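Notes for the one structure printed next.
In our numbering, the protein residues as written are 316 to 561.
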């Protein structure tokens, strides 16, 4: 499938029954679309993945330049603020909802509080903060590490970019934990099948980790038990943003 959204839609339309979905927002969208079809309890999240930092979650950061006079969200009133892609969990959905819900200085309306613009991507947000186009911006924490570790990938976007270019940035806000990824099962599958599938999955991970990684992908290192509640922060965010659209 060409996108997370396409994969999620295939699940909703009963084309596939088990998917490795790396987008927390699209995972919860499956719940919403399935509930609209009269299947409110359609998803089993009992396998979660860990990354190479032994984390089952990641964060959205609001970053700014160290030489700018911003130490918190309240300082950004009337300033240029970058979100990423509108559908990005950590670049838009979580920061917009969390700042509106839980940051008193924003007053429940980020788009009135600051001059908000969409950059289109995490790396572009970083570039726009570095060059001063945006006073601050929301980014996936992994992008900060990726840009520092692979600077050659970003020289077309940011001329003369080096790892030291990142030293002028700091974080002025961090989101709650965002779930990293899950192996998503259709909950209506026979329980015996789900348990057998999970047993094979965990046994393969234990006995042949190289084979397991070849099938799952090289950006994870472990499989752990997951819970429905792990996605509550995403449900809150999507419900809040949906209410704003109505």
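Here a beta-carbon is modelled for each residue, glycine too, at the ideal position from N, C-alpha and C.
What you are looking at is a predicted structure, and each value in this text was computed from that prediction instead of being measured.
{"Query": "Please go through the same chain and pick out, in chain order, the residues whose beta-carbon is closer than 8 Å to the beta-carbon of residue 444, but skip the five residues on each side of it.", "Result": "378, 379, 380, 397, 450, 451, 452, 484"}
{"Query": "Quick one: is residue 413 buried, meaning 16 or more other Cβ sit within 10 Å of its Cβ, or exposed?", "Result": "buried"}
{"Query": "So what does DSSP say about residue 441, is it helix, strand or coil?", "Result": "helix"}
{"Query": "Looking at the structure shown, is residue 470 part of a helix, part of a strand, or coil, going by DSSP?", "Result": "coil"}
{"Query": "Please identify the residue among 342, 352, 365 whose C-alpha is closest to the C-alpha of residue 544.", "Result": "342"}
{"Query": "Can you grab the Cα-Cα spacing for the pair residue 420 / residue 508, in whole Å?", "Result": "50 Å"}
{"Query": "I'd like to check one pair, residue 349 with residue 340: are the Cβ atoms closer than 7 Å?", "Result": "no"}
{"Query": "Hey, is the stretch 429-447 in contact with the stretch 388-403, meaning 3+ C-beta pairs nearer than 8 Å?", "Result": "yes"}
{"Query": "Residues in the same chain with beta-carbon distance under 8 Å from residue 392, minus the five sequence neighbours each way, listed in chain order, please.", "Result": "420, 428, 429"}
{"Query": "Could you spell out where the alpha helix (DSSP H) holding residue 548 opens and where it closes?", "Result": "547-560"}
{"Query": "Using the Cα positions of residue 362 and residue 550, report the straight-line distance between them to the nearest angstrom.", "Result": "19 Å"}
{"Query": "Cα-Cα, which of 418, 344, 537 is closest to residue 519?", "Result": "537"}
{"Query": "Beta strand (DSSP E) containing residue 452: first to last residue?", "Result": "451-455"}
{"Query": "Between residue 548 and residue 336, how many whole angstroms is the CB-CB distance? I'm expecting something under 8 Å.", "Result": "Rounded, the Cβ-Cβ distance is 16 Å, inconsistent with contact."}
{"Query": "Tell me the rounded alpha-carbon separation between residue 418 and residue 388.", "Result": "8 Å"}
{"Query": "May I ask you to report which of helix, strand or coil DSSP gives residue 327?", "Result": "helix"}
{"Query": "With C-beta atoms as the reference, is residue 552 less than 7 Å away from residue 409?", "Result": "yes"}
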